[in-house]
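Student: Attaching a single structure in structure tokens format; questions to follow.
In this note's numbering, the protein residues as written are 192 to 526.
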């Protein structure tokens, strides 16, 4: 479908502790040897769409890590449901029976992967007990939802950390752990990236002290036309040196949260969650797709992934434009 010779802007990150290099070179995407084992993760709206992507393509996605998000199809195509039952309304909880019935119908119709495809997946869930944006009870509903599909030993739910709404890391210099502030990456002395990857992948090597791979800008509108009007023009791909040289590597997709795309926080999310350092030592390629904020048509002023229906009523199925678009990005990388 897509050729790996498509022109891309790449940035070789010689020192990931500094800003991205201003001078960019034109290159072709290295021919990657990607293993079939695909995993996903995401925070907040990124967590919602990571779970949606998992359910839609569970025949390929064998691991999902979701931070600070609720059950798939929680909003039921209704923004008010999203803002209430699926976020921070203390007196309400997601309507799991109705939600799960809808998902079962979609699975039976072939609009989601069959439930049996989820049985060999691993799932890691995280909810900070001080999260006031997506309340712990909402994330608990996601855990309860996954219990119907995922074996007990493959499903892990971390809900005992007193963290606010953010991606917790061991990196210094970011938001205090009890705060939920831009760029929504916090210094908690907690290695969420290492925790989630070790659960999804099994035994992993310690992270590199400093990421030294290649950060590549992807022309998303060209590679993923299914949602060209909703994705940002450019996404990002982190490629360790070993993967660029042709080693067999696994692909992991990391979805940013609301107000966390490059246009709003710069390269903070694509550099500072800790994923890239683990990628270097564990032969992982990290895809960082980017959604675009918009004031109207669609109404997405905070740059959130669609988990309530702004892209259309089928947003949580294989017909959802954003799910189709990210799938197209994956297919392009596998060419």
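Backbone N, C-alpha and C define an ideal beta-carbon position, used for all residues, glycine too. It should be emphasised that the depicted structure is a prediction, and the values quoted were computed from it without experimental measurement.
1) Which first and last residues belong to the alpha helix (DSSP H) in which residue 483 is found?
2) First and last residue of the alpha helix (DSSP H) that includes residue 245?
3) Helix, strand or coil for residue 275? Go by DSSP, reduced to three states.
4) Got a sec? Which residues, its chain only, sit under 7 Å from residue 332 by beta carbon, not counting five neighbours each side?
5) Could you tell me if residue 432 is buried or exposed, where buried requires 16 or more neighbouring beta carbons within 10 angstroms of its beta carbon?
6) Count the other CB atoms within 10 Å of the CB of residue 226; is the residue buried (16 or more) or exposed (fewer)?
7) In the structure shown, what three-state DSSP assignment does residue 468 receive?
8) Which runs of the beta strand (DSSP E) fall wholly inside the region 399-460 and span at least 3 residues, in chain order?
9) Pairing CB atoms from the region 247-255 with CB atoms from the region 403-411, are three or more of them under 8 Å?
10) Mapping the DSSP letters down to three states, classify residue 263 as helix, strand or coil.
11) Of the residues 474, 443, 281, which one's Cα is nearest the Cα of residue 241?
12) Less than 8 Å between the CB atoms is what I'm expecting for residue 355 and residue 319, so what's the real figure, rounded?
13) So, with DSSP's three-state summary, where would you put residue 387?
14) Quick one: using the 10 Å Cβ neighbour count with 16 as the cut-off for buried, is residue 462 buried or exposed?
15) Buried or exposed for residue 487, going by 16 or more other Cβ atoms inside 10 Å?
Tutor: In short:
1) Here residue 483 belongs to no alpha helix (DSSP H), and DSSP marks it neither H nor E.
2) Element bounds for residue 245: 236-247.
3) For residue 275, the secondary structure class from DSSP, reduced to helix, strand or coil, is helix.
4) 261, 262, 284, 285, 287
5) exposed
6) Burial call: exposed.
7) helix
8) 405-410, 425-430, 439-446
9) No, the region 247-255 does not touch the region 403-411.
10) coil
11) Taking only the C-alpha atoms, the option nearest residue 241 is 443.
12) 6 Å
13) helix
14) buried
15) exposed
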